[in-house]
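Take a look at the structure set out below.
Numbering (the working numbering), first residue to last: 3 to 449.
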């Protein structure tokens, strides 16, 4: 097994052969090409990680070749070979994407370390591309990691409802992965080649939310200088994901109900109804049935939305999934930050599994990113966890009652309020909840 594949492009046979021997002794598989065209043909056939190319070639300019290779093969690194008098060409090539340049005649003790660093970078780049491919397959149930009973039950329900046009209500705590479920449901439907459009209902004030979702006609209000499509029109033929629908103002709920029932709506400033064909998936971190009983949410809209409900489980009830999810984020951030980190020690994993995860997967992602940034070795260890983990004592499973969980939530909100010096808007942003929900929690917990 070799350490990787390297291509040398140079029309000087002796120099090319000498470099090939030097690099080959380090365990690399070396390919040779005398021209740019020959080099490109080899790149088509062989899994090359690194190219060493002369800046002056018979059939091409090495700087232009660098740009072309980086366009066709983004993960391939390039080292440009220059003569003493053409160092500026090497600098120009680096601006075009080359990893570095070598001056012909440099000692072996300069060549091999540079090649080694370039190969490390190429490996990390390849990992980034693989992760990006995974992200590009986001509309798939494969993106929902874990094999616990709780997550398998939720995935099974979502998989069954996906091929239908039924409206789906996803219930679950903030950060538990409701949008991933919505995307997977869209991906499993016949609408998967059409748009998936997401909107967070807590992110906009009422007036702006209405214009964003339904659109408006020119002159509908001050500043409406042109017609604007709303998100319902943008999602036509596909799926509209309404996140935090519990934050939807009562005045807009009747309009939503009308769209659900008739697939028609009227833009702001218009009288003509617009016909659409949109599937709706909604999500909430609130108990909408209780909200409806309290008069905070329309009961008829709740019944219409909840024809098919799926509860997305919180991370604390799927502890066996935590190592897999944490490993995924470790590889993602190691590649993104070009860090050579590939494992977590047992104490680190144990502490992750003991923690209550108020912020669920979103919080776990942030904790792993922090650990990768701080790591000084290839292993994530206990001291890399935030201070609150060091002081955290897990409650026995029997003690994780609703009362205990409410106390934990109250303490978490209180801590963030202290951090923001009582700034409600900033507190809601950090907690990833709507301002209305925050005020309700403050009243509920007497904060």
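For each residue, glycine too, the CB sits at the ideal point set by N, CA and C.
Buried/exposed call for residue 137, threshold 16 Cβ in 10 Å: Residue confidence is low: residue 137 scores 48 on pLDDT, short of 50, so the model does not pin down where it sits. No coordinate-derived value is stated.
Proximity below 8 angstroms, CB of residue 77 to CB of residue 131: Going by C-beta atoms, residue 77 is nearer than 8 angstroms to residue 131.
Proximity of residue 8 and residue 54 at Cβ, strictly below 8 angstroms: yes
Residue 272 (DSSP reduced to helix, strand or coil): coil
Span separating the alpha-carbon of residue 403 from that of residue 350: Low confidence applies here, because residue 403 scores a pLDDT of 49, under 50, leaving its location unreliable; read the following figure in that light. Whole-angstrom Cα-Cα distance: 26 angstroms.
Other residues of its chain near residue 33: CB distance less than 8 angstroms, five sequence neighbours each side excluded: 7, 8, 9, 10, 44, 48, 50
Sequence-distant residues of the same chain with beta carbon closer than 6 angstroms to residue 447, five excluded per side: Closer than 6 angstroms at the Cβ level, and outside the excluded window around residue 447, lie 412.
Contact between the stretch 238-258 and the stretch 189-203 (3+ Cβ pairs under 8 angstroms): Taking one beta carbon from each stretch, the stretch 238-258 and the stretch 189-203 have 3 or more pairs nearer than 8 angstroms; the two touch.
Contact set for residue 436: own chain, Cβ-Cβ below 7 angstroms, skip 5 residues either direction: 204, 246, 249, 430
Nearest candidate by alpha-carbon position, reference residue 166, set 217, 65, 241, 177: Closest by alpha carbon: 241.
Separation of residue 121 from residue 13, as counted between CA atoms: The straight-line gap separating the alpha-carbon atoms of residue 13 and residue 121 is approximately 23 angstroms.
Cβ separation of residue 129 and residue 333, assumed to be a contact under 8 angstroms, to the nearest whole Å: At roughly 7 angstroms, the Cβ-Cβ gap stays under 8 angstroms, so residue 129 and residue 333 are in contact.
Same chain, Cβ closer than 7 angstroms to residue 325, neighbours up to 5 away in sequence not counted: 351
Sequence-distant residues of the same chain with beta carbon closer than 7 angstroms to residue 311, five excluded per side: 171, 173
Whether residue 59 touches residue 67 by CB criterion (8 angstroms): yes
For residue 266 and residue 194, the rounded distance between their alpha carbons: 22 angstroms
Endpoints, beta strand (DSSP E) assigned at residue 281: 281-286
Classification of residue 228 by the beta-carbon crowding that lies within 10 angstroms, buried from 16 upward: exposed
Rounded straight-line distance, which links the Cα of residue 257 to that of residue 294: Rounded to the nearest whole angstrom, the CA to CA distance from residue 294 to residue 257 is 17 angstroms.
When 125, 282, 304 are compared against residue 339, the one with the closest alpha-carbon: Residue 339 has its Cα closest to that of 125, out of 125, 282, 304.
The stretch 305-322 touching the stretch 143-152, judged by at least three CB pairs closer than 8 angstroms: yes
For residue 199, three-class secondary structure by DSSP: strand
As assigned by DSSP and simplified to three states, the class of residue 183: helix
Proximity of residue 353 and residue 387 at Cβ, strictly below 8 angstroms: yes
Proximity to residue 392 [Cα-Cα], best of 296, 357, 315, 92: 357
Alpha-carbon to alpha-carbon, residue 36 and residue 18: 8 angstroms
Residue 444 to residue 420 span [Cα, whole Å]: 13 angstroms
Spatial distance of residue 243 from residue 114 (CA atoms): Distance from the CA of residue 243 to the CA of residue 114, rounded to the nearest whole angstrom, comes to 52 angstroms.
Beta-carbon separation (whole angstroms), residue 371 vs residue 331, contact threshold 8 angstroms: Beta-carbon to beta-carbon, residue 371 and residue 331 are separated by about 7 angstroms, close enough to satisfy the 8 angstroms threshold.
Pairwise C-alpha distance: residue 423 and residue 440: Approximately 15 angstroms between the Cα atoms of the pair.
Chain-order list of residues whose beta-carbon lies under 7 angstroms from that of residue 39 (same chain, five-residue window excluded): Take residue 39, set aside five residues on each side of it, and the residues of its chain with a beta-carbon closer than 7 angstroms to its own are 61, in chain order.
Distance between beta carbons of residue 376 and residue 347, contact taken as under 8 angstroms: In fact, because the Cβ distance is near 14 angstroms, the residues do not count as touching under 8 angstroms.
Whole-angstrom C-beta distance between residue 217 and residue 269, which should lie under 8 angstroms: 5 angstroms
CB of residue 145 within 8 angstroms of CB of residue 306, strictly: no
Paired residues, beta bridge with residue 82 - DSSP: 55, 103
For residue 132, the residue or residues it bridges with in DSSP: Paired residue(s): none; residue 132 is not in a bridge.
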